[in-house]
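Mapping the sequence shown onto our numbering, position 434 (from 1) lands on 724, and the numbers just tick up by one.
Note that CB positions come from ideal geometry on N, CA and C, so glycine has one too.
A short worksheet on the structure shown next.
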Amino acid sequence: MPVKQYPVLQYAGSRQSLSRPFHRASRTASLGHLIAIWSPSAAREDFWTVHSSVNLPHQVTCLDLKGGILSVGTEKGISVYTLSLQDHLPAWTRKWTSRLCSPARVTFPPSLTHLATFSPAEKTVRIFSTAMGRQIQNILHPRPLRRIGWRAPIDSTRDDLILYTVTSDFALRIFLPVLDNPNHLQLHTTLDASSFTSSSQTEEKATMVFWPDRRIIQHAVARELSKLHDEDSQSKRLKEIEDGAWDLFVRILVDRTMIIRAIANIDRRPPTLLKQFTLHHSLPIDLDLSPDSLHFMNSKSSDPDYSLTLATTPPLSSRDISLRLFLDGRKEGVHHVINAPEDPAFSVHPSKMISFARTANGTGLAILRDDVVESYSTGGDSLKRVAHWKYGDLVVVFDQGHSTVTYSKADSILSLNTDSSAASQTVKVPLIDSLFALPAEEKDTMIVGVTPNFSLVHINYSSQGFTLLEESSLPLTETLKFILPVDPMSWSHYPQRKTEDTLLSITTSGELAFWRHDRREGWTSTGRVRTGRTDIRLARYSSAKKTVLGG
């Protein structure tokens, strides 16, 4: 079923209210012009639920979410949104917009008072006031920018504006506030490629420089120091990092060694005694050269010696690190944990996702991409890729992801695909705009396609294949505007019942009708509501006659 678009996505999952407070650990992501925000579940530590979403008129290029404030960059510029409640539902309200050409990054400092951004074609970092939307500074660079970010303070009482930037030559620059004007930044020091190599060493290829979150490093150091009781060179080095509150910068060289540079005294005012030095040059690490992203996180390892987890992409992989052993030059200081399974078809250049489909009980998932259909099966708490098939315009999934039915608009053909057979069974059907399955019965499942004139095409699917049965219509006299399926997740809670609503129809006059299907009696209405609304453009039907409408 194609992804529908809503100003605020309806809640699916547990029965918690959407009016719950915004969680500081919430995460956001975008696809095309849609943005989704997830929050950690209060019931399960390893589970996330959809908090809200935003539907924009332009393609999203970047975003940042901190403290309930959302900044979004699109093809047309940047905007800032704040969160509020409307009828007990979360809603994002746009506060201001500034026109820019496809910004590549937007980022808030910890204080949320400013917003930094840049566009790939420019050599300028633009600083805006978060509250007013006024541009307060342009910071020119000698080369195009690649990355920007704000320094994270260890002391939560400090909110100094300290900006890191990286240009196309992979030189990192540190901008600090002017003493008599704390809202104005000026350059204080630079780490270029030569800062990470000896004078006799030349790099064949420059590589990105990363800055670990200082709070994570300090937490890891404190964890390892708490396990050490003897004074030695290893504990002394960790103690120096803790006491000096050094800022660390990491670069992976072409020989796959890691160089860590430290800068001391950034917090000193005035910061005139900045001191930079090489903290460590590691042995070669089993890493892909120049990862696009490198993240240090607090380790969840049961081994107390390993306090950090290093995650890199692409490809996605993680390693546990013992700072004590790593800084001592010991090979066992880096423990390889896991590589994400590689898929040659999608690991390097994933194609665009168009829509999702899933089985009613959630054991199978299909992803419709712009050049292929792939299916996944759940196994415990993870998804396992089952197979992929030729592209289709519409898709439904069965058998825990081991079977899919795809529809091609070009020739109006339905294809049954299974992971156990290379050949696909096909059947010719009328032109349809949407495709979905009704609740499964004991031996087979009914698939329904909706035609442009709102006729319903019935296709029977079973382990022996599938066949075109009939074409029917809902017994209505008014002109239809939508026919939508029920969210299939509700069916899995009542596997023995045959009275679940399966369709919602909406007429041009705004009448909602709820329908269930019986193979003998056909379509029967279980209830109707006259909304009086004629401007309905979007709708979604979850279960128990709960419907969301958008005008």
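So, under 8 angstroms CB-CB, residue i and residue j are touching, yes? Tell me the CB distance rounded to an integer number of Å.
{"i": "S705", "j": "T716", "result": "5 angstroms"}
{"i": "F688", "j": "T735", "result": "7 angstroms"}
{"i": "P467", "j": "D450", "result": "6 angstroms"}
{"i": "A442", "j": "R395", "result": "Contact doesn't hold; Cβ gap of about 16 angstroms is too wide."}
{"i": "L577", "j": "T602", "result": "6 angstroms"}
Between which residues of its own chain and residue i is the CB-CB distance below 8 angstroms, once the five residues before and five after are set aside?
{"i": "D545", "result": "P574"}
{"i": "R389", "result": "K366, G367"}
{"i": "L528", "result": "V511, E514, L515, L518, L613, R614, L617"}
{"i": "L746", "result": "V738, G739, V740, E761, S762, S763, L764, I773, W813"}
{"i": "T798", "result": "E768, T769, L770, K771, T824"}
Is it right to say residue i is buried, meaning 16 or more other beta carbons lie within 10 angstroms of its own, or is it exposed?
{"i": "P399", "result": "buried"}
{"i": "R648", "result": "buried"}
{"i": "N629", "result": "exposed"}
{"i": "H404", "result": "buried"}
{"i": "R830", "result": "buried"}
{"i": "E790", "result": "buried"}
{"i": "P785", "result": "Any reading at P785 must be qualified, since the residue scores a pLDDT of 47, below 50, and its modelled position is unreliable; no value is offered."}
{"i": "C391", "result": "exposed"}
{"i": "S763", "result": "exposed"}
{"i": "T912", "result": "The chain is shown from 291 up to 841; residue 912 falls before or after that span and cannot be answered."}
{"i": "M548", "result": "buried"}
{"i": "N707", "result": "buried"}
{"i": "L477", "result": "exposed"}
{"i": "T480", "result": "exposed"}
{"i": "G682", "result": "buried"}
{"i": "G534", "result": "exposed"}
{"i": "G652", "result": "exposed"}
{"i": "L721", "result": "exposed"}
{"i": "R559", "result": "exposed"}
Any idea what DSSP makes of residue i, helix, strand or coil?
{"i": "E530", "result": "helix"}
{"i": "F500", "result": "strand"}
{"i": "V719", "result": "coil"}
{"i": "F772", "result": "strand"}
{"i": "G439", "result": "strand"}
{"i": "D618", "result": "coil"}
{"i": "L606", "result": "coil"}
{"i": "V511", "result": "helix"}
{"i": "D689", "result": "helix"}
{"i": "L613", "result": "helix"}
{"i": "R830", "result": "strand"}
{"i": "A650", "result": "coil"}
{"i": "F290", "result": "The first residue shown for the chain is 291 and the last is 841, placing residue 290 beyond what the model contains."}
{"i": "F539", "result": "strand"}
{"i": "R424", "result": "coil"}
{"i": "A483", "result": "helix"}
{"i": "Q376", "result": "strand"}
{"i": "G800", "result": "coil"}
{"i": "Q754", "result": "coil"}
{"i": "Q476", "result": "strand"}
{"i": "R820", "result": "strand"}
{"i": "G358", "result": "coil"}
{"i": "H783", "result": "Reliability of the predicted coordinates at H783 is poor, the pLDDT of 48 falling under 50, and the value obtained from them is presented with this limitation in mind. In the structure shown, H783 sits in a helix (DSSP, three-state: H, G or I)."}
{"i": "Q241", "result": "As shown, the chain starts at 291 and ends at 841. That puts residue 241 outside it, with no answer to give."}
{"i": "G682", "result": "coil"}
{"i": "R505", "result": "helix"}
{"i": "G322", "result": "coil"}
{"i": "S815", "result": "strand"}
Got a sec? Which residues, its chain only, sit under 6 angstroms from residue i by beta carbon, not counting five neighbours each side?
{"i": "H431", "result": "K413, T457"}
{"i": "A820", "result": "For the sequence presented, residue 820 should be read as Arg rather than Ala. Same-chain partners within the cutoff: E801."}
{"i": "H678", "result": "V662, E664"}
{"i": "S591", "result": "D610"}
{"i": "S331", "result": "F337, T339"}
{"i": "G623", "result": "S612, L615, F616"}
{"i": "L658", "result": "I644, S645, V685"}
{"i": "V638", "result": "Any reading at V638 needs caution, since the residue's pLDDT is 44, under 50, leaving its predicted position unreliable; the model's value is listed next. Cβ neighbours of V638 beyond the five flanking positions: none."}
{"i": "I749", "result": "I737, F756, L758"}
{"i": "S369", "result": "V362, R384, T387"}
What residues in its chain sit with their C-beta under 7 angstroms from that of residue i, if we drop five residues either side in the sequence?
{"i": "A319", "result": "A326"}
{"i": "V676", "result": "S665, Y666, S667, G691, H692, D709"}
{"i": "R806", "result": "T789, E790, D791, T792, T814, T816"}
{"i": "P311", "result": "Only weak support is given to the placement of P311: the predicted model assigns it a pLDDT of 46, under 50, and the question is left unresolved by the model."}
{"i": "P347", "result": "H323"}
{"i": "K642", "result": "R659, D660"}
Could you tell me if the beta carbon of residue i falls within a distance shorter than 7 angstroms of some heavy atom in the ligand ADP?
{"i": "Q566", "result": "Ligands are entirely absent from the displayed structure, and the ligand ADP is therefore not among its contents."}
Check whether the Cβ of residue i lies closer than 8 angstroms to any Cβ atom in chain D.
{"i": "G439", "result": "Protein chain content of the structure displayed is limited to a single chain, and chain D is not contained in it."}
**Prompt:** Is the number of C-beta pairs between the segment 454 to 463 and the segment 429 to 441 that are closer than 8 angstroms three or more?
**Reply:** yes
**Asked** Is it true that the segment 551 to 560 meets the segment 515 to 522, where meeting means three or more beta-carbon pairs spaced less than 8 angstroms apart?
**Response** no
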